[in-house]
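Q:
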Amino acid sequence: ECLEEQNTGVLWNDNGALCISEDEMKLILKPTLDCIVHKIESILSKHEFTNIVLTGGFAKCKFLKESITSRFPAVNLVMPKEFSNGVLQGATLSLMPNIQPKLVIKSPFSIGVGVMTPFDVEVHPAEKKIVKDGKTWCADAWDTLIK
Numbered sequence: 005e006c007l008e009e010q011n012t013g014v015l016w017n018d019n020g021a022l023c024i025s026e027d028e029m030k031l032i033l034k035p036t037l038d039c040i041v042h043k044i045e046s047i048l049s050k051h052e053f054t055n056i057v058l059t060g061g062f063a064k065c066k067f068l069k070e071s072i073t074s075r076f077p078a079v080n081l082v083m084p085k086e087f088s089n090g091v092l093q094g095a096t097l098s099l100m101p102n103i104q105p106k107l108v109i110k111s112p113f114s115i116g117v118g119v120m121t122p123f124d125v126e127v128h129p130a131e132k133k134i135v136k137d138g139k140t141w142c143a144d145a146w147d148t149l150i151k
């Protein structure tokens with residue numbers, strides 16, 4: 005419970021913890037949120053997307069979600085189940101090429117996973133062909149989740 009107000013939207017509770025009002029927090033975050041929205045506008049002016057994937061700890065910020073959804077109502081916000089450590093996991097997995105499946109961003113235009121699938125000579129490059137237990141597979145075939 006916040007008790008003492010200093011007439012600034014900033015309060016102190018009886019344990020000495022700082023409490024910041026929602027309005028004050030919006031003011032603090034406004035430059036950052038404006039920058040993110042501007043960057044998204046810049047990307048959407050050149051490319052058409054229907055989804056935006058939010059990952060990392062800041063993804064749980066309700067002001068970020070509100071800023072994006074109010075400015076881009078036609079775009080669907082996608083938040084993976086474990087969004088807060090998605091950036092860390094992606095960076096780690098990208099350094100470990102032997103892990104299957106691996107979550108990767110193939111390009112700025114799609115998100116998917118590398119999967120092992122039956123090898124098709126007309127579709128898959130020869131360098132991805134492997135034989136395992138008598139079956140021919142394509143290692144690390146791209147399976148698009150979001151385009």
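So the mapping is simple: this note's numbering equals the position in the sequence shown, first residue as 1, plus 4. Even for Gly, the Cβ is constructed at its ideal location relative to N, Cα and C.
Closest to M120 by CA distance: which of H51, I24, E126, A143 is it?
A: Position 116 of the sequence shown holds residue 120. Comparing Cα positions, the closest option is A143.
Q: Tell me the rounded alpha-carbon separation between W141 and E70.
A: What you label residue 141 is simply residue 137 of the sequence shown in a count that begins at 1. What you label residue 70 is simply residue 66 of the sequence shown in a count that begins at 1. Near 44 Å, if we compare the C-alpha coordinates of E70 and W141.
Q: Alpha carbon to alpha carbon, how far is F67 from I32? Give it in angstroms, no decimals.
A: Mapped onto the sequence shown, residue 32 falls at position 28. Mapped onto the sequence shown, residue 67 falls at position 63. Using only the alpha carbons, I get a separation of about 11 Å.
Q: L81 lies in the alpha helix (DSSP H); which residues open and close that run?
A: Indexing the sequence shown from 1 puts residue 81 at position 77. Premise fails: L81 lies in the beta strand (DSSP E), 80 to 82, not in any alpha helix (DSSP H).
Q: Taking just the CA atoms, how far does K50 sit from K64?
A: Reading the sequence shown from its first residue, position 60 is the one you call residue 64. Reading the sequence shown from its first residue, position 46 is the one you call residue 50. Between K64 and K50, the C-alpha separation is close to 27 Å.
Q: Using a Cβ-Cβ cutoff of less than 7 Å, which residues in the same chain neighbour T73 once the five nearest sequence positions on both sides are dropped?
A: On the sequence shown, residue 73 is found 69 positions in, with the first residue counted as 1. These residues qualify, in order along the chain: L81.
Q: Nearest CA to the CA of K136: which residue from F123, V127, H128?
A: Along the sequence shown, read from residue 1 onward, the residue named residue 136 stands at position 132. Comparing Cα-Cα distances from K136 to each of F123, V127, H128, the minimum goes to F123.
Q: Taking DSSP as the reference, what is the three-state secondary structure of G61?
A: By one-based count along the sequence shown, residue 61 stands at place 57. Here G61 sits in helix by DSSP.
Q: Considering just the uninterrupted stretch of the alpha helix (DSSP H) at V41, what are its terminal residues?
A: Taking the sequence shown and counting its residues from 1, the one referred to as residue 41 is at position 37. Segment 26 to 50, the alpha helix (DSSP H) holding V41.
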